[in-house]
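Here the structure is laid out as structure tokens; the discussion comes afterwards.
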Amino acid sequence: MIGRIPILDIRPLIDCGRRPAKAVVDETFEVSATVFREGHDAVNANVVLRDPSGRSGPWTPMRELAPGTDRWGAEVTPGAPGRWTYTVEAWSDPIATWRHHARIKIPAGIDTDLVLEEGPGCMSGPPPECRKTTAGRRSWRPSTGCATSAARWPTGSPPRSRPM
Numbered sequence: 033m034i035g036r037i038p039i040l041d042i043r044p045l046i047d048c049g050r051r052p053a054k055a056v057v058d059e060t061f062e063v064s065a066t067v068f069r070e071g072h073d074a075v076n077a078n079v080v081l082r083d084p085s086g087r088s089g090p091w092t093p094m095r096e097l098a099p100g101t102d103r104w105g106a107e108v109t110p111g112a113p114g115r116w117t118y119t120v121e122a123w124s125d126p127i128a129t130w131r132h133h134a135r136i137k138i139p140a141g142i143d144t145d146l147v148l149e150e151g152p153g154c155m156s157g158p159p160p161e162c163r164k165t166t167a168g169r170r171s172w173r174p175s176t177g178c179a180t181s182a183a184r185w186p187t188g189s190p191p192r193s194r195p196m
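With the numbering used here, letter number 121 in the sequence shown gets 153, and the count goes up by one each step, no holes.
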């Protein structure tokens, strides 16, 4: 079953996953996947590398490899010999969606008050549907650049003078 944010064509993949991809210790390799969603809202993705004992390492943010292609990738490096695994995670990114809308609407003077009112709301925490996931982890990751910009908004200043 494919959910609201499909993760497809994950690589490296050898013989449809029947054989492990191989790398040398400390060799960096790219994990990539096609990540998209319905509608116009932004998505974001990361990859989590697990060591041979199953311990998760830190998540590595993925970047869109070629804008508009929905292909995301990140480089990871196994640090010891053994059978490593990885997981690609994806989520809806309300902050990136808001920033995109704000960059278009504020300079054009379209719904400026509404856009500025929605911004701080999307930074107050994860939406209810993202608060609980398996293993108690959140699948929502705020964009720190946007959160920092929101904290610096001077009250009462004209919309165009506020950072986006």
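Here a beta-carbon is modelled for each residue, glycine too, at the ideal position from N, C-alpha and C.
Bear in mind that the values here come from a model prediction, so they are computed numbers and not experimental data.
- In the structure shown, PRO99 falls within a coil segment according to DSSP collapsed to helix, strand and coil.
- VAL56 carries a coil assignment under DSSP once its states are collapsed to helix, strand and coil.
- Under the DSSP definition of a beta bridge, THR144 lacks any partner.
- Relative to ALA55, the option among THR117, PRO90, ASP125, PRO126 whose CA is nearest is THR117.
- Membership of ALA112 in any beta strand (DSSP E) is not indicated, and neither H nor E is assigned to it by DSSP.
- As a beta-bridge residue in DSSP terms, PRO93 pairs with ASN78.
- Between THR129 and GLY141, the alpha-carbon positions lie close to 18 Å from each other.
- Residue state for ASP47 is assigned as helix, using DSSP reduced to three classes.
- For HIS133 and VAL147, the gap between their C-alpha atoms comes out near 8 Å.
- Distance between CYS48 and PRO84, taken at the CA atoms: about 21 Å.
- Collapsing the DSSP output to three states places ILE42 in a strand.
- For PHE68, no beta strand (DSSP E) run applies, since DSSP gives it neither H nor E.
- Note on geometry: alpha-carbon atoms of ARG87 and GLY114 lie some 13 Å from one another.
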